[in-house]
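Participant: Numbering (the UniProt record's numbering), first residue to last: 1 to 571.
Where is the CB? At the ideal position from N, CA and C, for every residue including glycine.
Now the structure itself:
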């Protein structure tokens, strides 16, 4: 008969043996801590901790699936080691006349007490997570597509338990699973923010943590901040902005990019944007725009755009040298960075003389004008035009630079003809406000028909007025007046707008334009307006006391009378 070979103990039986040893050692310590004769105060504190530990160990034993959790393979051996150390110390302290080194014993007891406190914390965290009450907790796998909210919630709690209790490898695996979850299902971010310990995740961003762990944690925090409003707000409320700014300041290139994404997302909420200044983040963002990678620059300038709307931060941006950095991005940044930089410059340009002066001093006006020749993005063009409009009113010098640039004026004319409604309005407002030379007015005369059409558009608000003012400016040139009245469609549009029954446009605008046409005294212009039926409408508007209508109808009618009298005299 063959002798049977004893099988090695299974993982479960090994854990059970450990647990038995812990219970045995713990029972001894609970008794001995009552009979110690030296360092009684310290042992009273330890006795309280040992009592709590006894309750935790009992709860673990009662959990149906405690032996399946891999964290206990690390926790229990460490705990047994601490208890055995305490047992040796308790044996030395039973003698009231302890003759050893008292300072050394105090230090040993304090170190053992601290270790026991940390292990109690970990056990409590493990028990509160509920992972010991569900089977297969050992498998850290992503719940399938059909998994319910409860299964996903358990997975997240289990994941964060491993993150907080385990060593470096456990933390890395937990973070890897968290990243997969956030990448595969953006909707899960809200549940992670609710069920997970985001504060601990943010704690892992500190530079004293293991680099691999910190990198994964940064990616996870960045994904949470960028996922949705709910998870972004949790990241902010748990203090994520400060550590993210520190990473943006002195992290690796990859970490800076992730941090910049998160900071831009957090500051997108105006309620959060103010905190950048509190953390000293303005200088950090400016430097990230100056020297960061293209990806970092793109998101850092986005964060600057967000905080630029905070009144208290605007001056700080000027003082920290943001203006030249933003203007450089207009030239060297990628398309998205250009748009964000242009948007920020537009905000700063509308924020007072100090910032406008900084922009002009750095030749910002010329850069904006040059940028208009190279970009095709309508959004970026809109921001550029808004910045130019703000700068144009800052001084006569800037207005002269704009007015004297034939290329710029021609671009405005092209935008009026081919831009979207917002660009058309902005371009028209510049044409109407700048002191453009007659030669340049003639150069963009072809946009007058479009301006007449724009006068019929009720949206966006202000478009009709901008179009009318631009037309009035262009019609100071005789050739433009003649060109417009030769355009039968435009003349008919104007006359229809004069009709009191037409309520789509305020009557002061077509009256302004007609008055500008008649101001030159051209017989052919009056003749065409009369032929199109402008007189009765103007007469009615005059009776309604519409501003400018009385003067316009006098010019139109006065010429008719003069013609009649002249013809009679010749006959």
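Can you tell me whether DSSP reads residue 192 as helix, strand or coil?
Facilitator: Here residue 192 sits in helix by DSSP.
Participant: State buried or exposed for residue 479, treating a residue as buried only when at least 16 other CB atoms are found within 10 Å of its CB.
Facilitator: So residue 479 counts as exposed.
Participant: Hey, would you say residue 337 sits closer than 8 Å to residue 282, going by beta carbons?
Facilitator: No; because the gap between Cβ atoms is not below 8 Å, this pair is not in contact.
Participant: How would you write the range of the alpha helix (DSSP H) that residue 499 sits in, first residue to last?
Facilitator: Unbroken run through residue 499: none, as it is neither H nor E.
Participant: What ranges does the alpha helix (DSSP H) occupy inside the segment 232-272, keeping only unbroken runs of at least 4 residues that lie completely in it?
Facilitator: Correct list: 241-250 and 253-267.
Participant: Please go through the same chain and pick out, in chain order, the residues whose beta-carbon is closer than 7 Å to the beta-carbon of residue 85, but skip the five residues on each side of it.
Facilitator: Correct list, in chain order: 112.
Participant: For the alpha helix (DSSP H) holding residue 43, just list the boundary residues, first then last.
Facilitator: Looking at the DSSP string, the run of the alpha helix (DSSP H) that includes residue 43 is 40-62.
Participant: For residue 470 versus residue 419, is the C-beta distance shorter than 8 Å?
Facilitator: Not a contact, by the Cβ cut-off of 8 Å.
Participant: Restricting to Cα atoms, I'd like to know which of 169, 486, 521 and 76 is closest to residue 61.
Facilitator: Answer by Cα proximity: 76.
Participant: In chain order, which alpha helix (DSSP H) runs of at least 4 residues are fully inside the segment 280-309?
Facilitator: Here the runs fully enclosed are 281-291 and 294-307.
Participant: Short of 8 Å in beta carbon distance, which residues of its chain neighbour residue 34, apart from the five on each side in sequence? Order them along the chain.
Facilitator: Contacts found: 47.
Participant: What does the Cβ neighbour count give for residue 1, buried or exposed, with the cut at 16 atoms within 10 Å?
Facilitator: Residue confidence for residue 1 is low, a pLDDT of 38 falling below 50, so the modelled location carries little weight; the figure read from the coordinates is stated next. Result: exposed.
Participant: State buried or exposed for residue 169, treating a residue as buried only when at least 16 other CB atoms are found within 10 Å of its CB.
Facilitator: Exposed, by the Cβ-count rule.
Participant: Quick check on DSSP: helix, strand or coil for residue 487?
Facilitator: In the structure shown, residue 487 sits in coil (DSSP, three-state: anything other than H, G, I, E or B).
Participant: Check the Cβ-Cβ distances between residue 462 and every residue of chain B, and say whether any is below 8 Å.
Facilitator: Chain labels in this structure do not include chain B; a single protein chain is all it has.
Participant: Given a threshold of 16 other Cβ atoms within 10 Å of its Cβ, counted over all protein chains shown, does residue 440 qualify as buried or as exposed?
Facilitator: Burial call: buried.
Participant: Run the CB neighbour count on residue 331, radius 10 Å, all protein chains shown included, and call it buried at 16 or more, exposed below.
Facilitator: Answer is exposed; the Cβ neighbour count stays below 16.
Participant: What residue range is occupied by the uninterrupted alpha helix (DSSP H) comprising residue 321?
Facilitator: That residue, residue 321, is in no alpha helix (DSSP H); it is neither H nor E in DSSP.
Participant: Let me make sure I understand the geometry here. Which of 157, 457, 453 and 346 has the alpha-carbon closest to that of residue 194?
Facilitator: For residue 194, the nearest C-alpha among the options comes from 157.
Participant: Do you know how far the Cα of residue 204 is from the Cα of residue 79?
Facilitator: Taking the straight line from one Cα to the other gives about 24 Å.
Participant: Give me, in chain order, the residues of the same chain whose beta-carbon lies closer than 6 Å to that of residue 399; leave out the 5 immediate sequence neighbours on both sides.
Facilitator: If we look at residue 399 and ignore the five residues flanking it on each side, its Cβ neighbours are 392.
Participant: Quick check: residue 369 and residue 405, are their CB atoms within less than 8 Å of each other?
Facilitator: Closer than 8 Å, so yes.
Participant: Expressed to the nearest angstrom, what Euclidean distance is found between the alpha-carbon atoms of residue 476 and residue 438?
Facilitator: The alpha-carbon atoms of residue 476 and residue 438 are separated by roughly 8 Å.
Participant: Look at the alpha carbon of residue 298 and the alpha carbon of residue 107, and state the distance between them as a whole number of angstroms.
Facilitator: Each residue's Cα considered, the two are about 53 Å apart.
Participant: Alpha carbon to alpha carbon, how far is residue 311 from residue 401? Give it in angstroms, no decimals.
Facilitator: If I take the Cα positions, the gap works out to 29 Å.
Participant: Please go through the same chain and pick out, in chain order, the residues whose beta-carbon is closer than 7 Å to the beta-carbon of residue 532, but skip the five residues on each side of it.
Facilitator: Closer than 7 Å at the Cβ level, and outside the excluded window around residue 532, lie 491, 492 and 495.
Participant: Measure the C-alpha to C-alpha separation of residue 201 and residue 214 and round it to an integer number of angstroms.
Facilitator: The alpha-carbon atoms of residue 201 and residue 214 are separated by roughly 9 Å.
Participant: Quick check on this structure: which residue in 209, 443, 191 and 501 has the alpha carbon closest to the alpha carbon of residue 153?
Facilitator: Comparing Cα-Cα distances from residue 153 to each of 209, 443, 191 and 501, the minimum goes to 191.
Participant: Can you list, in chain order, the stretches of the alpha helix (DSSP H) that have 4 or more residues and sit fully within the segment 147-225?
Facilitator: Runs of the alpha helix (DSSP H) inside the segment 147-225: 149-165, 168-184, 188-195 and 198-203.
Participant: How many angstroms separate the CA atom of residue 230 from the CA atom of residue 462?
Facilitator: Spanning the two alpha carbons is a distance of roughly 37 Å.
Participant: Excluding five sequence neighbours on each side, which residues of the same chain lie with their C-beta closer than 8 Å to the C-beta of residue 320?
Facilitator: Closer than 8 Å at the Cβ level, and outside the excluded window around residue 320, lie 282, 283 and 286.
Participant: Using alpha carbons as the reference points, say which of 159, 218 and 303 lies closest to residue 277.
Facilitator: For residue 277, the nearest C-alpha among the options comes from 303.
Participant: DSSP three-state label for residue 462, please.
Facilitator: Coil.
Participant: Applying the criterion that 16 or more other CB atoms from any shown protein chain within 10 Å of the CB defines a buried residue, is residue 335 buried or exposed?
Facilitator: So residue 335 ends up on the exposed side.
Participant: Where does residue 450 land, buried or exposed, given buried means 16+ other C-beta within 10 angstroms?
Facilitator: Result: buried.
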